[in-house]
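To convert, count from 1 in the sequence shown and add 523; that's my numbering. Working notes for the structure below.
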Amino acid sequence: MPDRARAAVLFVCLGNICRSPTAQGVFETLLEKSGYQGRVDVDSCGTGDWHVGKPPDPRSVSEAAARGYELGRLRARQLHVSDFHRFDYILAMDRANLATLRALCPDDFPGHLGLLLDLLPGGGGREVPDPYYGGSGGFATVLDLVEAASEALLAELQRRGFIAHGSA
Ligand code: 4NP
524 MPDRARAAVL
534 FVCLGNICRS
544 PTAQGVFETL
554 LEKSGYQGRV
564 DVDSCGTGDW
574 HVGKPPDPRS
584 VSEAAARGYE
594 LGRLRARQLH
604 VSDFHRFDYI
614 LAMDRANLAT
624 LRALCPDDFP
634 GHLGLLLDLL
644 PGGGGREVPD
654 PYYGGSGGFA
664 TVLDLVEAAS
674 EALLAELQRR
684 GFIAHGSA
């Protein structure tokens, strides 16, 4: 078990306006519903800087709102090397962003760096597809994948002792 008081999770995509803010909002809501509010630091960022300071894409905001997730307060930021010192779990949405993360990751990073969907049983190597240039179906797919992965991430944090069953 890590010696810091709380677990810290960072979701990473390219622009930080579609996939990773959706993952942040979904996982934060799951933590709240599960009684773990404030027990895990949750953040998201992009490997690119094009949208820094911007709210999530309106298509992500409305698709998430339809399922009860509020993303409008979030603002995009770019990955910073200091993130490797702040987060226990750094979860990439696709292999391209994972490659960027691996190139920047210090050799002594003690946490978990991998694909978000690798947390799903049988999800090995799968990516959360980039919905930015596609139709609205892509945003629903992002939510489907992220909701499933969030359940798996919560179970992983419980299993690893970051948050104990019944300690909420
Ligand atoms: P995201 O989607 O990485 O899920 O936030 C994208 C957002 C913007 C761009 C690409 C992907 N873009 O090229 O501006």
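Glycine included, each C-beta is placed from N, C-alpha and C at the ideal position.
Notebook entry, point to check: Less than 8 Å separating the beta-carbons of Val604 and Thr570?
Noted result: For the purposes of this step, residue 604 is identified with residue 81 of the sequence shown, where counting begins at 1. For the purposes of this step, residue 570 is identified with residue 47 of the sequence shown, where counting begins at 1. Against a cut-off of 8 Å, the Cβ pair of Thr570 and Val604 comes out as no contact.
Note to self: Less than 8 Å between the beta carbons of Val669 and Leu614, yes or no?
What the structure shows: The count along the sequence shown starts at 1 and reaches residue 669 at position 146. The count along the sequence shown starts at 1 and reaches residue 614 at position 91. Their beta carbons are not under 8 Å apart, which means Val669 does not touch Leu614 by this criterion.
Check: Just curious, the alpha helix (DSSP H) that His608 is in, first and last residue?
Finding: Working through the sequence shown from its first residue, we reach residue 608 at position 85. Its alpha helix (DSSP H) spans residues Asp606 to Arg609.
Next item on the list: Please find out if some non-hydrogen atom of the ligand PLP comes closer than 7 Å to the beta-carbon of Tyr655.
Entry: The model on display carries the ligand 4NP but not the ligand PLP.
Notebook entry, point to check: Which term fits His574, buried or exposed, when burial requires 16 or more other beta carbons within 10 angstroms of its beta carbon?
Noted result: Against the sequence shown, residue 574 aligns to sequence position 51. The residue in question, His574, is buried, as its Cβ has 16 or more Cβ neighbours within 10 Å.
Check: What are the boundary residues of the alpha helix (DSSP H) that Asp566 is part of?
Finding: On the sequence shown, residue 566 is found 43 positions in, with the first residue counted as 1. No alpha helix (DSSP H) holds Asp566; the beta strand (DSSP E) holding it covers Val563 to Gly569.
Next item on the list: Work out the CA separation of Pro633 and Gly595 for me, nearest whole Å.
Entry: On the sequence shown, residue 595 is found 72 positions in, with the first residue counted as 1. On the sequence shown, residue 633 is found 110 positions in, with the first residue counted as 1. Looking at the two C-alpha atoms, the distance is approximately 32 Å.
Notebook entry, point to check: Given a threshold of 16 other Cβ atoms within 10 Å of its Cβ, counted over all protein chains shown, does Ala678 qualify as buried or as exposed?
Noted result: Taking the first residue of the sequence shown as 1, we reach residue 678 at position 155. That one is exposed.
Next item on the list: State yes or no: is the C-beta of Arg542 nearer than 7 Å to some heavy atom of the ligand 4NP?
Entry: In the sequence shown, residue 542 corresponds to position 19, counting from 1. Arg542: yes, Cβ under 7 Å from the ligand 4NP.
Check: Are at least three pairs of beta-carbons, each pair with one atom in the segment 650-664 and one in the segment 617-634, less than 8 Å apart?
Finding: yes
Margin query: Tell me which residues share the same chain as Val565 and place their Cβ nearer than 6 Å to its Cβ, disregarding the 5 neighbours each side in the sequence.
Written below: If you number the sequence shown from 1, residue 565 lands on position 42. Cβ neighbours of Val565 beyond the five flanking positions: Val532, Gln547, Phe550 and Glu551.
Item checked: Three-state secondary structure assigned by DSSP to Pro525 -> In the sequence shown, residue 525 corresponds to position 2, counting from 1. Residue placement at Pro525 is poorly supported in this model, since its pLDDT is 48, which falls under 50; the coordinates are not used for a value here.
Item checked: Cβ pair Pro579, Leu597 closer than 8 Å -> Within the sequence shown, numbered from 1, the residue matching residue 579 stands at position 56. Within the sequence shown, numbered from 1, the residue matching residue 597 stands at position 74. In this structure, Leu597 lies closer than 8 Å to Pro579 by Cβ.
Notebook entry, point to check: Is DSSP giving Ala678 helix, strand or coil here?
Noted result: Here residue 678 refers to the residue found at position 155 of the sequence shown. Helix, per DSSP.
Item checked: Cα-Cα separation, Leu537 to Ala687 -> Position 14 of the sequence shown, counted from the start, is the residue given in the question as residue 537. Position 164 of the sequence shown, counted from the start, is the residue given in the question as residue 687. Those two C-alpha atoms are separated by around 32 Å.
Notebook entry, point to check: What is the rounded straight-line gap between the Cα of Asn539 and the Cα of Leu680?
Noted result: The residue you call residue 539 lines up with position 16 of the sequence shown. The residue you call residue 680 lines up with position 157 of the sequence shown. Their backbone Cα atoms lie some 23 Å apart in a straight line.
Next item on the list: Compute the Euclidean distance between the alpha carbons of His608 and Gly576, then round it to the nearest angstrom.
Entry: Locating residue 608 in the sequence shown gives position 85, counting from the first residue. Locating residue 576 in the sequence shown gives position 53, counting from the first residue. Cα to Cα, His608 sits roughly 22 Å from Gly576.
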